[in-house]
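>
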Amino acid sequence: MIPLYTRACRRSQNSCRLCLWLIYLSGLIPCSCLALDHADAQKEGQAMVPHHDLIVTDTALSLTKLIDLTLEKYPDISWINALEEEAAALRQRGESWTAGASQAGLRFQEATSGTLHYIDGTVQVPLWNPGQRDAEQKTGDKAFASAHRQTAAIKLRVAGLVRGALWDMELQKIRYEQALADIDISGQLLAKIKRRVELGDLPRSDELLAHTELLQKRSALTQAEAELMHARKRYSSITQTTKIPAVYEEKLVALKEIQQNHPDLMAVNSQIDRKQAELNALKLVGSGQSNLTVGINSDRFTADPRSNKTESFNIGVTVPFGGSAHMQPQIAAVNVELNRLISDREQLYRNLEQLHHEAEHNLEVNQVELGIANELKQVAEEHLKMTLLSFSVGEIDLMDLLKIQSRTQQAILNAKERAVMLQRDQALYNQAVGVTP
């Protein structure tokens with residue numbers, strides 16, 4: 035059996051070593067920090083640094099409405115408008131009765147005698163080749179459909195950005211609130227230790243150690259607040275608003291695989307259809323456009339006796355030939371673009387399958403992890419209660435208490451994070467299968 039005075043000496047030696055370490059550490063910490071008022075650091079909503087990004091909850095704002103408002107301000111909307119203008123131009127061309135701009139000509143001819151004059155007037159009209167006008171109209175229709183599909187794909191992309199920003203803010207908010215709670219717990223512990231030091235139950239070194247723990251928690255709170263501000267700024271930058279919906283949790287959709295009506299797949303398919311229609315219309319140009327020419331000839335305004343003093347009417351058609359070789363480079367260029375889109379579609383489908391697998395797997399993992407995290411939280415809280423009781427009766431020292439307390443706070447944070455991550459992963463799964471709120 036170890037004598038009481040021997041245990042006391044060993045404890046005294048350990049305390050001395052701990053005091054020396056804390057004295058060294060306190061030399062690295064400004065005195066003003068040690069004298070900081072803990073109550074001021076715990077005021078809810080008080081920023082640790084002057085910079086503060088404000089985000090407010092709008093009960094009238096839904097997730098669907100938020101995505102629509104974000105889409106209206108999204109940079110790609112100008113590209114969509116340009117696509118619609120292009121489609122309107124193609125449709126207008128297909129509805130025209132001529133294959134191109136008509137031409138009018140006027141020619142004056144005079145004999146060397148100066149008495150015989152001829153005046154010729156002509157109008158030349160390009161004609162559609164057989165089936166070409168229908169092909170051009172189809173190209174315009176496909177262009178309109180493609181512009182609409184691109185809008186749906188961009189809206190899904192915007193939905194993904196908004197979803198990610200919202201849940202990132204929620205995670206950072208959980209961490210910030212936990213950092214505030216940690217400071218409160220550390221502050222309460224420091225107050226209790228101060229009283230026991232004053233009563234002579236604990237050495238001064240324990241008070242310094244508890245104060246150091248509080249300062250570390252304050253540093254963690256500063257970092258948590260900074261990450262929260264970064265998340266808020268990212269959200270406001272994406273959405274161009276400082277308002278968030280009161281509710282943005284999503285129900286998990288029942289889709290188990292990537293469907294062919296996925297907005298991204300439909301967008302690239304519409305581009306392929308449009309390019310195929312453009313290729314078909316280009317092939318129907320053949321050697322070029324045929325032209326109808328209508329003309330009038332007059333020699334009435336002349337004094338020459340050889341003149342018939344009459345007008346004549348003429349009509350003719352010009353048909354190009356041998357020009358198909360000159361169209362082949364244009365046809366080949368469009369065909370290259372068509373096959374590039376087909377290749378992109380195949381790669382896109384593989385990427386979507388990979389994203390779906392990752393989203394599905396993350397969801398399954400977090401469902402299991404949430405159960406484990408909740409169980410660990412319960413065990414850690416029970417362990418902490420026992421440890422606090424042991425510390426109060428002197429069975430363990432402060433260092434062991436701080437370790438267990440830190441482990442408990444981390445377990446609480448993990449459980450809260452897993453709950454948020456599960457909600458986030460449901461939204462990301464819906465995103466992966468192409469469902470927009």
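Using the working numbering, the first residue of the sequence shown is number 35, and each one after it goes up by one. C-beta: ideal position from N, C-alpha, C; glycine also.
When you compare only the Cα positions, how much space is there between glycine 128 and leucine 316?
Spanning the two alpha carbons is a distance of roughly 13 Å.
> Take arginine 183 as the anchor and find which of Ala453, Asn303, Phe347, Lys290 has the nearest alpha-carbon.
The option with the nearest alpha carbon to arginine 183 is Asn303.
> Nearer than 8 Å: is that true of the beta carbon of leucine 236 relative to any heavy atom of the ligand SAH?
In the structure shown, the ligand SAH is absent, as is every other ligand, since no ligand is present at all.
> Please report the distance separating the alpha-carbon of methionine 300 from that of leucine 190.
Whole-angstrom Cα-Cα distance: 12 Å.
> State the Cα-Cα distance for the pair glutamate 106 and leucine 435, rounded to the nearest angstrom.
Distance between the alpha carbons of glutamate 106 and leucine 435: 55 Å.
> Alpha carbon to alpha carbon, what distance is there between leucine 372 and glutamine 310?
Spanning the two alpha carbons is a distance of roughly 7 Å.
> Whole-angstrom Cβ separation of alanine 359 and arginine 268, contact assumed at under 8 Å?
Contact doesn't hold; Cβ gap of about 56 Å is too wide.
> Quick one: Cα of isoleucine 17 to Cα of aspartate 87, how far?
Given that the chain is displayed from residue 35 to residue 471, the structure contains no residue 17 and the question cannot be resolved.
> Is it the case that the Cβ atoms of leucine 95 and alanine 280 are separated by a distance below 9 Å?
In this structure, alanine 280 lies closer than 9 Å to leucine 95 by Cβ.
> Could you check if methionine 203 is buried or exposed, using at least 16 other CB atoms within 10 Å of its CB as the buried criterion?
Per the 10 Å Cβ criterion, buried.
> Taking valine 402 as part of the alpha helix (DSSP H), name the residues at either end of that continuous run.
Valine 402 -> alpha helix (DSSP H) spans 358-426.
> Please return the same chain residues whose Cβ sits closer than 8 Å to the Cβ of leucine 236, not counting the five positions on each side in sequence.
Answer for leucine 236: Ile227, Arg230, Leu432, listed in chain order.
> Quick check: what's the CA-CA separation for asparagine 325 versus valine 370?
Straight-line Cα distance between these residues: approximately 31 Å.
> How many Å lie between arginine 141 and isoleucine 153 at the Cα?
Going from the Cα of arginine 141 to the Cα of isoleucine 153 covers about 6 Å.
> Out of Ala453, Glu429, Val157, which has the shortest C-alpha to C-alpha gap to valine 399?
Considering only alpha carbons, the answer is Ala453.
> Measuring straight from C-alpha to C-alpha, what distance separates serine 66 and isoleucine 219?
Annotation note: pLDDT 33 at serine 66 (below 50); position unreliable, coordinate value reported separately. The straight-line gap from Cα to Cα measures roughly 22 Å.
> Mind the definition here: the stretch 160-169 touches the stretch 411-425 only if three or more C-beta pairs lie below 8 Å; say whether that holds.
Result no; under three Cβ-Cβ pairs closer than 8 Å.
> Please check the pair isoleucine 438 and lysine 411, which I expect to be a contact at CB under 8 Å, by giving their CB distance rounded to whole angstroms.
Actually they are not in contact, since the Cβ atoms of isoleucine 438 and lysine 411 sit about 14 Å apart, beyond 8 Å.
> Using the beta-carbon count (16 or more within 10 Å), is serine 346 buried or exposed?
Classification of serine 346: exposed, given that the 10 Å Cβ count is below 16.
> So for valine 157, helix, strand or coil by DSSP?
The answer is strand: DSSP assigns valine 157 an E or B state.
> DSSP three-state label for threonine 256, please.
In this structure, threonine 256 counts as helix in the three-state DSSP scheme.
> So for threonine 93, helix, strand or coil by DSSP?
Correct three-state label for threonine 93: coil.
> CA-CA distance, arginine 308 and threonine 173?
Each residue's Cα considered, the two are about 6 Å apart.
> Starting from proline 279, follow its DSSP beta bridges and name the residues at the other end.
Beta-bridge pairing links proline 279 to Asp92.
> Using a threshold of 9 Å, state whether the C-beta atoms of threonine 470 and alanine 177 are closer than that.
No, these two residues do not count as a Cβ contact at 9 Å.
> Less than 9 Å separating the beta-carbons of threonine 442 and leucine 418?
Taking 9 Å as the Cβ cut-off, threonine 442 and leucine 418 qualify as a contacting pair.
> Can you have a look at valine 196 and say buried or exposed, based on whether 16 or more other CB atoms are within 10 angstroms of its CB?
Looking at its Cβ environment, which holds 16 or more other Cβ atoms inside 10 Å, valine 196 is buried.
> Just to confirm before moving on: does the CB-CB distance between glutamate 392 and alanine 466 stay below 9 Å?
Result yes, Cβ atoms of glutamate 392 and alanine 466 sit closer than 9 Å.
> With distance defined between alpha-carbon atoms, name the residue in His85, Ile89, Pro84 nearest to serine 271.
Closest option to serine 271, Cα to Cα, is Ile89.
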